[in-house]
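So the structure is just underneath, and the comments pick up after that.
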Amino acid sequence: TPPDETRPLIDTSKMSAGQRAALELTEAARESTQGRTFAAGLFMGEFNLAGISPFPQQSAGDREKGDAFLKKLEGLLREKVDPDEIDRTGEIPQPVIDELAKLGAFGIKVPAEYEGLGLSQTNYCRAAMLLGSWCGNLTALLSAHQSIGVPQPLMLFGTDAQKQKYLPRVAHGEISAFALTETEVGSDPAAMATRAEPSPDGSHFILNGEKLWCTNGTRAGVLVVMAKTPPRLVKGKSKDQITAFIVETDWPGVEVVQRCRFMGLKALYNGVIRFTNVRVPRENILLAEGRGLRVALTTLDTGRLTLPAACVGMAKRCLNISRDWANRRVQWGAPIGRHAAIADKLARMAVNTFAMEAMTLLAASHVDRDKHADVRLDAAICKLWGTESAWDIVYDAVQIRGGRGYETAASLQARGEPPVPLERILRDSRINTIFEGSSEIMRLFIAREMLDPHLKVSAAVLNSQLPISQRWRAAAKAGWFYLGWYPKQWLAGEWFAGSSSGNPLLRGHLRYAARTSRKLARSLFHAMLRHGPKLEREQLQLGRFVDIGSELFAITATCLRGQRLLDEKNDGTDPAALVQLADYFCRAARLRIAGRFQDANNNCDRAGYQLARNVLAGKHEALERGLVS
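Just so we're aligned: 267 in this note's numbering is position 267 of the sequence shown, and the numbers increase by one with no gaps anywhere.
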């Protein structure tokens with residue numbers, strides 16, 4: 001739907017002008033899709049495994065292509081890349097970047113016709129896993145370049161001329177970046193200050209503004225820049241427009257103001273980029289004028305899959321380190337892995353790593369089947385669940401190694417011990433729950449998608465801006481829909497594709513997921529009735545529903561991939577151990593889900609919110625006394 005024909009589904013009458021502008025701009029950029037994906041269906045009580053059961057299998061030919069590249073990449077990483085040296089110096093050696101470029105690592109998904117490797121999303125995720133297991137700085141460089149930099153939006157929205165001009169350049173190693181965030185703008189695009197005004201003859205736009213935290217920006221040759229362009233009149237009202245431009249960094253007026261430095265990822269080429277009267281040709285607009293936010297959102301949808309993939313690799317490294325140490329370290333007459341407190345951590349690390357990998361590969365398979373597939377919910381769930389689980393895993397790995405986990409690799413080596421880099425991994429991984437949408441923003445994003453089917457049916461009923469006659473018609477339509485939908489959420493049937501085959505334990509967990517999906521749908525509906533249009537303010541409650549849906553997605557992916565591996569019987573995995581892995585994960589996830597449902601019905605959210613208001617008002621300043629002023 002063109003943005004000028006889009007009407008927000010949410011009542012904006014009681015919002016401030018800033019809130020209304022932000023909502024309308026974001027809603028205009030959302031794509032409406034036909035049908036409901038599996039992830040979206042979970043929140044509506046629909047457990048439809050069509051298309052994902054059996055677990056999508058990578059074709060032999062595609063896997064062989066990926067294996068060939070990964071073998072070369074692994075050799076390069078092992079022989080040429082010293083992650084600890086990169087961490088110490090804060091620089092990735094140029095010879096390493098050159099070797100990666102020769103290997104094709106900057107154009108993994110770029111089609112062969114544009115001189116890239118043309119590998120699948122699944123193979124790209126496998127590469128991210130390998131990189132994530134070795135060096136966070138290299139992972140960030142290649143991920144930001146390909147997932148959110150020029151290649152991805154260009155492949156999705158670029159013209160033939162744009163692709164011919166820029167894709168070979170970025171595939172051969174010209175680093176690219178994505179410029180969206182500003183000093184006062186994070187997740188609120190309506191407040192964007194960067195502007196692009198058309199030249200008098202209309203052939204160019206004059207770009208002015210400043211972008212913050214532009215990853216790869218200090219080394220990039222080409223950027224995707226988001227800027228406000230002149231507003232359009234829609235039904236007599238002025239509507240903001242955001243446009244995406246391809247900008248070359250050697251053009252006059254493009255300036256790297258500062259390189260930013262961080263807790264981890266010491267070699268991250270992230271900086272402040274300033275644009276002063278930069279002349280951008282009109283033909284460098286991506287998609288169309290005013291459609292930049294759609295470019296940004298769609299690019300991030302697919303790009304977010306790289307982060308959980310890299311987290312899988314990091315989690316595998318942590319599991320490997322922890323297992324080795326828990327077997328060798330003896331305390332109180334036994335290896336520490338035999339003690340229940342450590343064994344519990346190892347079990348959670350193992351099952352969550354398996355689940356992260358299953359979720360990521362499942363989402364990647366959607367993209368491989370259809371490059372325009374709607375993976376926004378899948379990718380957001382993978383990003384949210386995967387990055388938070390990965391943080392728990394690295395935290396536990398450090399705890400298992402104790403003081404050696406906190407000590408730097410260089411210090412360990414100086415004392416004659418193996419230079420295990422957990423301290424560096426901990427610092428590097430902390431950004432993952434913030435990068436490309438923080439966990440809090442991810443929960444709000446998923447919540448918006450979760451509510452979308454209900455808003456399409458019933459939002460007009462509560463929209464005070466509409467005529468009463470239109471609201472009554474909407475009420476009748478909504479009533480008819482819920483008359484048919486709500487009773488289904490109480491039915492006891494457990495039928496779904498594949499329910500009568502496979503391992504009994506895994507099948508039982510899938511039945512639980514189907515049953516709980518309906519309970520989730522009922523709970524969400526009851527919350528809508530209780531809170532009405534104020535539900536969107538109940539962020540903690542919505543977050544619980546999001547977490548339940550994410551756990552159900554994880555259970556499903558884990559069971560389906562576990563069953564696929566059992567059926568293949570060719571990866572050397574002990575079948576009993578594999579079932580144990582999947583079964584334990586699902587049992588633990590079911591306990592977490594039960595806790596979320598309990599919290600939804602019995603919590604102290606309001607008391608906490610009022611307390612926070614008093615903190616903000618300075619009524620608890622006494623708690624801050626005793627500081628060095």
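Even for Gly, the Cβ is constructed at its ideal location relative to N, Cα and C.
Cα-Cα, which of the options is closest to residue i?
| i | options | result |
| --- | --- | --- |
| Arg-329 | Leu-491, Arg-404, Gly-209, Pro-151 | Arg-404 |
| Asp-188 | Phe-445, Ser-523, Arg-625 | Phe-445 |
| Gln-598 | Asp-547, Glu-621, Gln-164 | Asp-547 |
| Arg-126 | Leu-70, Asp-428, His-454 | Leu-70 |
| Cys-347 | Ala-577, Leu-560, Gly-107, Leu-167 | One detail in the question is off: residue 347 reads as Ala in this sequence, not Cys. With distances taken between Cα atoms, Ala-347 lies closest to Ala-577. |
| Ile-97 | Val-170, Glu-357, Lys-165 | Val-170 |
| Leu-305 | Leu-462, Arg-282, Glu-357 | Glu-357 |
| Asp-368 | Phe-545, Gln-58, Val-247, Leu-506 | Gln-58 |
| Lys-102 | Leu-117, Glu-113, Gly-90, Arg-88 | Leu-117 |
| Gly-402 | Trp-325, Lys-371, Arg-338, Ser-469 | Trp-325 |
| Arg-323 | Cys-586, Thr-249, Ala-343 | Ala-343 |
| Asn-352 | Ser-550, Tyr-114, Glu-621 | Ser-550 |
| Ala-379 | Thr-183, Gln-94, His-366 | His-366 |
| Ile-92 | Asn-270, Asp-583, Cys-559 | Asn-270 |
| Leu-542 | Glu-449, His-620, Ala-478 | Glu-449 |
| Ala-478 | Phe-525, Leu-77, Pro-281 | Phe-525 |
For residue i, name the three-state secondary structure that DSSP assigns.
| i | result |
| --- | --- |
| Val-615 | helix |
| Ile-446 | helix |
| Ser-629 | coil |
| Thr-12 | Low confidence applies here, because Thr-12 scores a pLDDT of 48, under 50, leaving its location unreliable and the question unanswered by this model. |
| Ile-92 | coil |
| Trp-332 | coil |
| Asn-270 | strand |
| Leu-466 | coil |
| Ile-285 | strand |
| Thr-215 | strand |
| Ala-594 | helix |
| Thr-183 | coil |
| Ser-53 | coil |
| Pro-419 | coil |
| Glu-99 | helix |
| Ile-548 | helix |
| Asn-603 | coil |
| Ala-390 | helix |
| Ala-497 | The predicted model places Ala-497 with a pLDDT of 44, which falls under 50 and marks its position as unreliable, so this point remains unresolved. |
| Glu-197 | strand |
| Val-110 | coil |
| Ala-22 | Reliability fails at Ala-22, whose pLDDT of 49 lies under 50, so the model's placement of it is uncertain and the value that follows must be treated cautiously. Helix at Ala-22. |
| Glu-210 | strand |
| His-204 | strand |
| Asn-503 | coil |
| Asn-277 | strand |
For residue i, is the classification buried or exposed, using 16 other Cβ atoms within 10 angstroms of its Cβ as the cut-off for buried?
| i | result |
| --- | --- |
| Ser-411 | exposed |
| Arg-537 | exposed |
| Gly-502 | buried |
| Arg-518 | buried |
| Gly-303 | buried |
| Leu-307 | buried |
| Lys-488 | exposed |
| Asn-432 | buried |
| Glu-624 | exposed |
| Asp-428 | buried |
| Cys-604 | exposed |
| Lys-534 | exposed |
| Leu-529 | exposed |
| Gly-633 | Nothing in the structure corresponds to residue 633, since the chain is present only between 1 and 629. |
| Leu-483 | exposed |
| Tyr-114 | buried |
Are there any heavy atoms of the ligand ATP lying less than 8 Å away from the beta-carbon of residue i, as far as the coordinates show?
| i | result |
| --- | --- |
| Leu-233 | For the structure depicted, the ligand ATP is absent and the ligand set is empty, with no information on it obtainable. |
| How do the segment 213-227 and the segment 165-181 stand: do at least 3 beta-carbon pairs fall below 8 Å, yes or no? | yes
| said: Please give the ranges of any alpha helix (DSSP H) in the segment 131-163, keeping only runs that are unbroken, at least 4 residues long and fully inside the region. | reply: 136-143, 151-157
| field | Ordered list of beta strand (DSSP E) runs contained in the segment 227-255, each at least 3 residues | value | 237-248
| request: Determine contact between the segment 387-399 and the segment 304-319, defined as no fewer than three beta-carbon pairs at a distance below 8 Å. | output: yes
| For the 8 Å Cβ check, are there 3 or more pairs between the segment 270-281 and the segment 195-215? | yes
| field | the segment 47-56 / the segment 559-577 touching (three or more Cβ pairs under 8 Å) | value | yes
| message | Under 8 Å: do the segment 35-51 and the segment 447-455 share three or more Cβ pairs, one atom per stretch? | response | yes
| How about the segment 263-270 and the segment 416-430: do they share at least three Cβ pairs that are nearer than 8 Å? | yes
| query | Using 8 Å as the Cβ pair cut-off and three pairs as the minimum, do the segment 235-247 and the segment 285-299 touch? | reply | yes
| request: Take every Cβ of the segment 153-169, pair it with every Cβ of the segment 132-139, and state whether three or more of those distances are shorter than 8 Å. | output: no
| Taking three-plus beta-carbon pairs below 8 Å as touching, is the segment 141-158 in contact with the segment 222-235? | yes
| Inter-stretch contact (C-beta, 8 Å, three-pair minimum) for the segment 575-593 and the segment 504-515 | yes
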